[in-house]
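Take a look at the structure below.
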Amino acid sequence: MKFFADTAVIEDIKDLNDYGLLDGVTTNPTLIAKSGRDFKEVIAEICSVVDGPVSAEVAAMDFPGMIAEGEHLAEIADNVVIKLPLTLEGLKACRHFNQNNIKTNVTLCFSANQALLAAKAGATYISPFVGRLDDLNLDGLDLIQDIRTIYDNFGFETQILAASVRTANHVKDVAIAGADVATVPAAVIKGLANHVLTDKGLEQFAKDWAETGQSIL
Ligand code: E4P
-12 MKFFADTAVI EDIKDLNDYG LLDGVTTNPT LIAKSGRDFK EVIAEICSVV
38 DGPVSAEVAA MDFPGMIAEG EHLAEIADNV VIKLPLTLEG LKACRHFNQN
88 NIKTNVTLCF SANQALLAAK AGATYISPFV GRLDDLNLDG LDLIQDIRTI
138 YDNFGFETQI LAASVRTANH VKDVAIAGAD VATVPAAVIK GLANHVLTDK
188 GLEQFAKDWA ETGQSIL
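Heads up: the sequence shown begins at -12 in this note's numbering, then just goes up one per residue.
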């Protein structure tokens, strides 16, 4: 499973990239607003750091507006992926971009039928939001499993990009369910390396090693 960083904070992106933990980046209007930076400038900077796909979301709600904005965003860099909402207008725009060899990420997916429509529209990625379903006491993981089954049944090539993934357990669960990608906040990705028994074991090994009085170099 690939890891995308769900952030517009360039320092976090550079940090994860240096560890070799990053396959791409997703942004959304909320993350851009939080960054306090110019949208196109921050997307260009992320694309200069990351080789993988970088999702940039349109703001328009109508088909012509989405096409105009998407074409403009696609000019920023070759690895820009146009993020479109899962509406009928967004699906129409998705089909257009697919026919023009521009990659798309169809976002705000909350049902398996929505994901089916996105695949039929030729989406490169579908973003089902796990955490926001869990917030409503619904099961975000069920959604990932259902989409995996449907896509495998019909051989759709659209990649399942599990979004709104907020915890280490979410990461494990969507990986088991067969998501192709998980987009995850930077701190959660780094936190996956932590285990209390790793820390405890390392502390003991360091103590025992010191007692040998040896040096490897
Ligand atoms: C990514 O594409 C989504 O916009 C993001 O994962 C949403 O996460 P949230 O539900 O934690 O805001």
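All residues carry an ideal CB built from backbone N, CA and C; glycine is no exception.
Pick helix, strand or coil for residue i, following the three-state DSSP scheme.
i                 : result
glycine 11        : strand
isoleucine 69     : strand
alanine 150       : strand
aspartate -7      : strand
serine 98         : coil
valine 37         : coil
serine 202        : coil
alanine 110       : coil
proline 51        : helix
threonine 185     : helix
threonine 17      : helix
alanine 166       : coil
phenylalanine 26  : helix
asparagine 92     : strand
phenylalanine 116 : strand
alanine 46        : coil
Can you tell me whether residue i is buried or exposed? The criterion is at least 16 other CB atoms within 10 Å of its CB, across all chains shown.
i                 : result
isoleucine 163    : exposed
glutamine 86      : exposed
phenylalanine 143 : buried
lysine 159        : exposed
serine 114        : buried
phenylalanine 84  : buried
glutamate 44      : buried
methionine 53     : buried
For the ligand E4P, is there a heavy atom less than 6 Å away from the beta-carbon of residue i?
i             : result
glycine 118   : yes
alanine 150   : yes
asparagine 88 : no
threonine 74  : no
aspartate -1  : no
aspartate -7  : yes
threonine 91  : no
serine 22     : no
asparagine 66 : no
threonine 293 : Examination of residue 293 is not possible in this model, given that the chain is present from -12 through 204 alone.
Quick check: does the Cβ of residue i come within less than 6 Å of any heavy atom belonging to the ligand NAD?
i              : result
asparagine 124 : Among the ligands present in this structure, namely the ligand E4P, the ligand NAD is not found.
I'd like to know if the segment 131 to 145 and the segment 189 to 202 are in contact, where contact means that at least 3 CB-CB pairs between them fall below 8 Å.
no
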